[in-house]
Amino acid sequence: MNNSKPGQLGTGSDSDDSTDDMPWWQSSVVYQIYPRSFADSNGDGIGDLRGIIAHLDHLERLGVDIIWLSPIYASPHDDNGYDISDYRAIDPVFGTLADFDVLVAEIHRRGMTLLMDLVVNHTSDEHPWFVESASSRDNPKRDWYWWRPTRHGATAGEPGAEPTNWGSFFSGSAWEFDKDSGEYYLHLFSRKQPDLNWENPEVRDAVYEMMRWWLDRGVDGFRMDVINLISKDSTLPDGVCAPGQRYADGFPHYGYGPRIHEFLHEMHECVFAGRVGQFLTVGEMPGVTVGQARLFTDPARRELDMVFQFEHVGLDHGPSGKWDPRPLDVRELKASFARWQDGLAEVGWNSLYWNNHDQPRAVSRFGDDGPYWAESATMLATVLHLQRGTPYVYQGEELGMTNVPFRGISDFRDIESLNYFAEAVDQLGEEPEKVLRGIRHISRDNARTPVQWSDEPQAGFTAGSPWIGVNPNYPTINARSQHGRAGSIFEYYRALIALRHTEPVIARGAFEMLCPEHPVLVAFTRTLDDRELLVLANFGDASLEVGKLPGPILPNADVWRTALTVIDNYPAKEGVDNLILSPWQARVLTRQLN
Numbered sequence: 005m006n007n008s009k010p011g012q013l014g015t016g017s018d019s020d021d022s023t024d025d026m027p028w029w030q031s032s033v034v035y036q037i038y039p040r041s042f043a044d045s046n047g048d049g050i051g052d053l054r055g056i057i058a059h060l061d062h063l064e065r066l067g068v069d070i071i072w073l074s075p076i077y078a079s080p081h082d083d084n085g086y087d088i089s090d091y092r093a094i095d096p097v098f099g100t101l102a103d104f105d106v107l108v109a110e111i112h113r114r115g116m117t118l119l120m121d122l123v124v125n126h127t128s129d130e131h132p133w134f135v136e137s138a139s140s141r142d143n144p145k146r147d148w149y150w151w152r153p154t155r156h157g158a159t160a161g162e163p164g165a166e167p168t169n170w171g172s173f174f175s176g177s178a179w180e181f182d183k184d185s186g187e188y189y190l191h192l193f194s195r196k197q198p199d200l201n202w203e204n205p206e207v208r209d210a211v212y213e214m215m216r217w218w219l220d221r222g223v224d225g226f227r228m229d230v231i232n233l234i235s236k237d238s239t240l241p242d243g244v245c246a247p248g249q250r251y252a253d254g255f256p257h258y259g260y261g262p263r264i265h266e267f268l269h270e271m272h273e274c275v276f277a278g279r280v281g282q283f284l285t286v287g288e289m290p291g292v293t294v295g296q297a298r299l300f301t302d303p304a305r306r307e308l309d310m311v312f313q314f315e316h317v318g319l320d321h322g323p324s325g326k327w328d329p330r331p332l333d334v335r336e337l338k339a340s341f342a343r344w345q346d347g348l349a350e351v352g353w354n355s356l357y358w359n360n361h362d363q364p365r366a367v368s369r370f371g372d373d374g375p376y377w378a379e380s381a382t383m384l385a386t387v388l389h390l391q392r393g394t395p396y397v398y399q400g401e402e403l404g405m406t407n408v409p410f411r412g413i414s415d416f417r418d419i420e421s422l423n424y425f426a427e428a429v430d431q432l433g434e435e436p437e438k439v440l441r442g443i444r445h446i447s448r449d450n451a452r453t454p455v456q457w458s459d460e461p462q463a464g465f466t467a468g469s470p471w472i473g474v475n476p477n478y479p480t481i482n483a484r485s486q487h488g489r490a491g492s493i494f495e496y497y498r499a500l501i502a503l504r505h506t507e508p509v510i511a512r513g514a515f516e517m518l519c520p521e522h523p524v525l526v527a528f529t530r531t532l533d534d535r536e537l538l539v540l541a542n543f544g545d546a547s548l549e550v551g552k553l554p555g556p557i558l559p560n561a562d563v564w565r566t567a568l569t570v571i572d573n574y575p576a577k578e579g580v581d582n583l584i585l586s587p588w589q590a591r592v593l594t595r596q597l598n
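Letter by letter, the sequence shown follows residues 5 to 598 in the numbering used here.
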């Protein structure tokens, strides 16, 4: 793994090809842990901190540098921990603060760093702040959240009486009526996740104080959940309602609010400026554009270090949205990759990922989880890790974990999926099986089934009954069967991660996308000084002869035919033409320039 000493937060300039001043996180790899599903140490069926500690050797062996921990705070778990009721307490299902301190120490002892999930667009409705806010209209914390009266001329609590016509990300209205006070509160997600009012400086001060408290405890930074939503247009105008839809899209009024840059700069100055240590800030930003990302991650602006954007994982959404999936168009994928690579080439930094706790398993979504399971899993990894940006590995991805054959709606636990099913079937009258097809494909629960550690009962995740069912393919897809086995997905990920640590061209080299219009071939170069890499990947189940494609597909094709192979997800063969790719093959070649 990379044991070089990290640099200061936001240091370095992306326009400089030298690696001497390169921020430490640009050559690092992040591993995301969803604690509830990672490893259970006490047999209650829920993953916990002691379970994570017991498996840190797995992560050290993999070679990752940064661990991002999804929320472990006290919570009613309406949205599996993203509804926080106490920012300074560990939820008892995960352990104690003493357990957390041991985890931090063990992570640091292995040369890794820890990112906490920072969820401050909203809290739980059981957080003391909201309990006070809701207690009366004149409570001092009333303005800590977004409270508004009934729409003029409407009857309180009736459909259409909400202050705006915004829809929630989790279906239904973004407003909940509070009978006791006679007003509505805003919740862009679950009704149990009221939005904090960042216009109030007391809210911001409380958040910054809490962040400093965690840094004092040894945390190395934060991944900030939907952080671009914290600034709203304070006039709260109605959104545009699409034909046939009951609620409107309010995103234009809160997705990139008027004070978002001010808030993030203030956060940096109040939390990180002048603090001794090495820290990292990652902003999860649905809907962010390349231009906006450049501003957020420009080191000179002192806001964030990198963005976490969603453009590429929305490409398979159909006309009716994410629940109406369509096949991926590889040409659109390449255009998205190139747009972000080119847009952040001189300044700014991007997160690279296929999987996370909110996305289904990539090998099932964009690859082939049947005959070419291993090949497509490693091909997808190669395309991702060889780009410029910081790669993320989501738990189980390094094993090739797949989507789950959910039988019916009772198998699901995700509030987003359950709410959508209820709305589509009960309110809109759609066929249950048709709705289930979309949910099975794209539901977040695909990523939330337990990590498959072994072929023992419950995949070695728990000695009890797991909170969500284990994928039935765990006897063949598990960590124990892959550790140390040549050709396994795990060992391939180890090799990819090692490449980023040892090859500066991967972290800092220039990027050029080739053959943008080819329907299954992904090809791009990475160049730094006199070193050039060519990445070739076949997104198809038929062989592909790149050298025989019509037109100027690949410059210097004859040179590349016999170039040195850096990494290949198929076994090496003597005398093979480098430009012939088998189904779902990825091959990385290198040459010296001049």
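For each residue, glycine too, the CB sits at the ideal point set by N, CA and C.
{"Query": "Residue from W179, H445, V334 whose Cα sits closest to the Cα of A541", "Result": "V334"}
{"Query": "Option in G254, A78, A304 with minimal Cα separation from H609", "Result": "What the structure shows of the chain is the stretch from 5 to 598, and residue 609 is not part of that stretch, so it cannot be assessed."}
{"Query": "Sheet register partners of M215 (DSSP bridge)", "Result": "DSSP lists no partner for M215."}
{"Query": "Range of the contiguous alpha helix (DSSP H) that encloses V367", "Result": "366-369"}
{"Query": "Counterpart residues of N354 in DSSP-defined beta bridges", "Result": "V311"}
{"Query": "Nearest-angstrom Cβ-Cβ length linking W424 and W327, presumed shorter than 8 Å", "Result": "The sequence given here has Tyr at residue 424, not Trp. About 6 Å; that satisfies the 8 Å criterion."}
{"Query": "Chain-order list of residues whose beta-carbon lies under 6 Å from that of F410 (same chain, five-residue window excluded)", "Result": "R444"}
{"Query": "Cβ shell of D105 (< 8 Å), same chain only, five flanking positions each side left out", "Result": "R221, G222"}
{"Query": "CA nearest to the CA of T531, picked from A483, H522, V524, F515", "Result": "F515"}
{"Query": "Where S8 sits in the DSSP three-state scheme", "Result": "Note that S8 has pLDDT 34, beneath the 50 cutoff, so the model's placement of it is unreliable and no number is given."}
{"Query": "Helix, strand or coil at V592 [DSSP, three-state]", "Result": "strand"}
{"Query": "Complete runs of the beta strand (DSSP E) confined to the segment 267-320 [at least 3 residues]", "Result": "284-288, 310-312"}
{"Query": "Contact set for F314: own chain, Cβ-Cβ below 6 Å, skip 5 residues either direction", "Result": "P290"}
{"Query": "Of the residues S89, L60, D147, the one placed nearest E110, counting alpha carbons only", "Result": "L60"}
{"Query": "Nonlocal neighbours in the same chain, by C-beta distance under 7 Å from G51, ignoring five residues either side", "Result": "P39, R40, S41, F42, A43, D44"}
{"Query": "Exposed unless 16 or more other CB atoms sit within 10 angstroms - verdict on T480", "Result": "exposed"}
{"Query": "Within-8 Å CB hit, N477 to chain B", "Result": "Among the chains of the structure shown, chain B does not appear; only one protein chain is present."}
{"Query": "Beta-carbon contacts of M214 that lie in its chain and below 7 Å, excluding the five residues immediately before and after", "Result": "Y91, R92"}
{"Query": "Cβ-based neighbour list, M310, same chain, cut-off 7 Å, excluding 5 preceding and 5 following", "Result": "V286, T301, W353, N354, S355, T394"}
{"Query": "Bridge-paired residues (DSSP) for I70", "Result": "V34, T117"}
{"Query": "Endpoints, the beta strand (DSSP E) within which R335 is located", "Result": "No beta strand (DSSP E) contains R335, which is instead part of the alpha helix (DSSP H) from 334-347."}
{"Query": "Assigned secondary structure, R263 (DSSP; H/G/I helix, E/B strand, else coil)", "Result": "coil"}
{"Query": "First and last residue of the uninterrupted alpha helix (DSSP H) at E536", "Result": "Segment 535-542 is the beta strand (DSSP E) holding E536; no alpha helix (DSSP H) there."}
{"Query": "Nearest to L192 (by Cα), restricted to the options N169, V550, S414", "Result": "N169"}
{"Query": "Three-state secondary structure assigned by DSSP to R512", "Result": "helix"}
{"Query": "Where the beta strand (DSSP E) containing L568 begins and where it ends", "Result": "568-572"}
{"Query": "Cβ-Cβ distance between Q282 and W28 below 8 Å", "Result": "yes"}
{"Query": "Neighbourhood of V292 by C-beta, 7 Å cutoff - its chain only, sequence neighbours within 5 removed", "Result": "N232, V311, Q313"}
{"Query": "CA-to-CA distance, P205 to Q12, given in whole angstroms", "Result": "With a pLDDT of 32 at Q12, under the threshold of 50, the modelled position of that residue is not reliable, and the figure given next carries that caveat. Those two C-alpha atoms are separated by around 28 Å."}
{"Query": "Beta-carbon separation (whole angstroms), D229 vs V123, contact threshold 8 Å", "Result": "4 Å"}
{"Query": "One or two residues paired with S177 in a DSSP bridge", "Result": "G171"}
{"Query": "Neighbourhood of P329 by C-beta, 8 Å cutoff - its chain only, sequence neighbours within 5 removed", "Result": "D320, H321, G322, G442, H445, I446"}
{"Query": "Proximal residues to K236 (C-beta, below 6 Å), its chain only, five neighbours per side dropped", "Result": "Y258, G261"}
{"Query": "Among S492, Q36, E549, nearest to R227 - alpha-carbon criterion", "Result": "Q36"}
{"Query": "Cβ-based burial, K183 [other Cβ within 10 Å; buried from 16]", "Result": "exposed"}
{"Query": "Buried versus exposed, by CB contacts within 10 Å (16 or more), D581", "Result": "exposed"}
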